[in-house]
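The structure appears below as structure tokens.
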Ligand code: NAD
Ligand code: IPM
Ligand code: MN
């Protein structure tokens with residue numbers, strides 16, 4: 302029997318609720334599709350800091366390394382925003398080193414609008430009603446998030462972050478951009494700030510040098526401020542957007558809202574390590590720990606369920622199960638099931654667990 306190991310990192314806030322729903326559905330899919338799934342849970346983020354004094358304990362990292370894939374909820378929250386030193390806070394002490402240590406430089410964030418949610422999009426219906434399907438390819442282990450020097454002068458009067466990119470880092474993420482565009486509408490928009498930043502000028506140069514290797518892909522360049530505007534003016538002009546770490550972070554939250562809610566956007570972070578079924582990866586919803594709604598059974602679990610579908614496809618190679626899950630999510634939406642974040646005014650809403658149950662009932666495999 303095909304058999305896989307998946308690490309579950311629930312984390313903080315709504316993380317445990319949405320990962321709980323996804324773990325149950327993954328187990329159900331494994332049973333239905335006939336493969337064995339060994340799921341082991343480990344602490345990360347504020348929860349791990351409280352228990353072990355570190356947001357990314359050694360044993361959590363070790364479990365991830367011996368797994369075929371990792372499913373993460375979210376980390377962070379007000380309780381840990383003032384932890385000293387900042388390097389022990391959930392975001393910079395756990396999430397960033399986890400991505401870096403695992404070599405996950407390619408972050409895929411697909412923003413797809415279900416026709417059932419056209420009215421939940423913050424854009425006018427005519428801009429999105431014929432569907433919206435954008436893939437943001439975000440560089441995840443370089444740029445200003447990681448560049449040195451970084452820190453604060455001893456007297457606290459000056460702070461510094463450094464944006465660094467090497468040709469190697471740029472080329473490997475652009476390759477992911479070109480390759481994924483090839484499997485879609487063959488349009489790649491490389492987003493930068495080349496009118497100001499040297500890293501962006503190098504980025505643009507590398508993109509232009511690679512373009513002849515992909516004559517079937519139409520490469521365009523766009524400045525990031527214009528891109529932020531174009532995403533809300535006419536989002537359908539985009540197919541694949543490839544960009545650096547921080548621009549990708551910001552643009553993908555913006556793209557998420559076009560699909561109705563941040564609670565709908567999944568992500569896959571991939572590197573070069575192969576598994577028996579595909580590529581090792583970390584899968585997480587694009588949203589954070591949403592502390593104000595945590596523990597209330599109102600968070601939307603669909604971004605995490607769609608992340609689980611990406612996990613099945615990219616890391617396990619279980620395409621049938623992945624498609625069955627995506628179809629079940631779409632069916633639940635078409636049937637009018639809504640968590641609060643995607644409900645129209647006066648539309649009845651259901652909770653996190655109930656949405657999980659509704660998706661599970663609609664799985665046909
Ligand atoms: P957030 O994504 O947690 O929340 C933004 C808004 O979206 C809030 O109104 C929240 O209630 C809502 N929301 C988010 N996910 C939702 C869901 N599944 N269903 C319904 N509504 C949802 O962003 P934030 O408020 O800026 O950050 C909160 C904390 O999360 C911070 O500590 C931040 O650092 C952390 N964070 C973690 C990750 C991660 O772990 N990958 C990502 C982003 C933010
Ligand atoms: C995300 C988050 C993280 C990021 C934070 C929490 C470090 O915003 O996954 O989008 O900026 O990468
Ligand atoms: Mn973000």
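In the working numbering, the protein residues as written are 302 to 666. Glycine included, every Cβ here is placed at the ideal spot set by N, Cα and C.
Could you give the distance in angstroms between the alpha-carbon of residue 427 and the alpha-carbon of residue 372? 35 Å
According to DSSP, simplified to helix, strand and coil, what is residue 667? Within the shown structure, residues of the chain are numbered from 302 to 666, placing residue 667 beyond reach of any answer.
Cα-Cα separation, residue 545 to residue 476: Spanning the two alpha carbons is a distance of roughly 13 Å.
Given this structure, state the Cα-to-Cα distance separating residue 380 from residue 625, to the nearest angstrom. 38 Å
Excluding the 5 residues flanking residue 528 on each side, which residues of the same chain have their C-beta closer than 6 Å to its C-beta? 492
Go through its chain and collect everything with a Cβ distance to residue 402's Cβ below 7 Å, but skip five positions before and after it. 362
Beta-carbon separation (whole angstroms), residue 343 vs residue 304, contact threshold 8 Å: Rounded, the Cβ-Cβ distance is 20 Å, inconsistent with contact.
For a quick check, are the C-beta atoms of residue 656 and residue 641 less than 8 Å apart? no
Could you tell me which of 497, 522 and 514 sits nearest to residue 505, measuring between CA atoms? The candidate whose alpha carbon is nearest that of residue 505 is 522.
Is the closest heavy atom of the ligand IPM to the C-beta of residue 377 under 7 Å? Within 7 Å of the C-beta of residue 377 there is at least one heavy atom belonging to the ligand IPM.
Following a CB-centred definition, is residue 601 positioned closer than 7 Å to any heavy atom of the ligand NAD? yes
Cβ-Cβ distance between residue 570 and residue 400 below 8 Å: yes
I need the boundaries of the alpha helix (DSSP H) containing residue 546, first residue and last residue. Counting along the chain, the alpha helix (DSSP H) containing residue 546 begins and ends at 546-559.
For the stretch 558-566 against the stretch 382-401, do three or more pairs of beta-carbon atoms, one drawn from each stretch, fall closer than 8 Å, so that the two count as touching? no
Simplified DSSP assignment, three categories, for residue 498: Note: residue 498 maps to coil in three-state DSSP.
Below 7 Å, is the gap between the Cβ of residue 550 and the nearest heavy atom of the ligand ZN? Ligands present in the displayed structure are limited to the ligand NAD, the ligand IPM and the ligand MN, and the ligand ZN is not among them.
Residue 640, DSSP secondary structure in three states: coil
Local conformation of residue 665 per DSSP, three classes: coil
Can residue 616 and residue 439 be called in contact, C-beta distance under 8 Å? Here residue 616 is not near residue 439, since their CB atoms are 8 Å or more apart.
Report the option in 434, 501, 488 and 430 whose CA atom is closest to the CA atom of residue 445. 501
In the DSSP output, what is residue 310 paired with across the bridge? 373
Could you pull the DSSP bridge partners for residue 341 from this structure? 308
With DSSP as the reference, identify every bridge partner of residue 519, one or two as the case may be. 488
So residue 581 is in the beta strand (DSSP E); what residue range does that whole segment cover? 580-584
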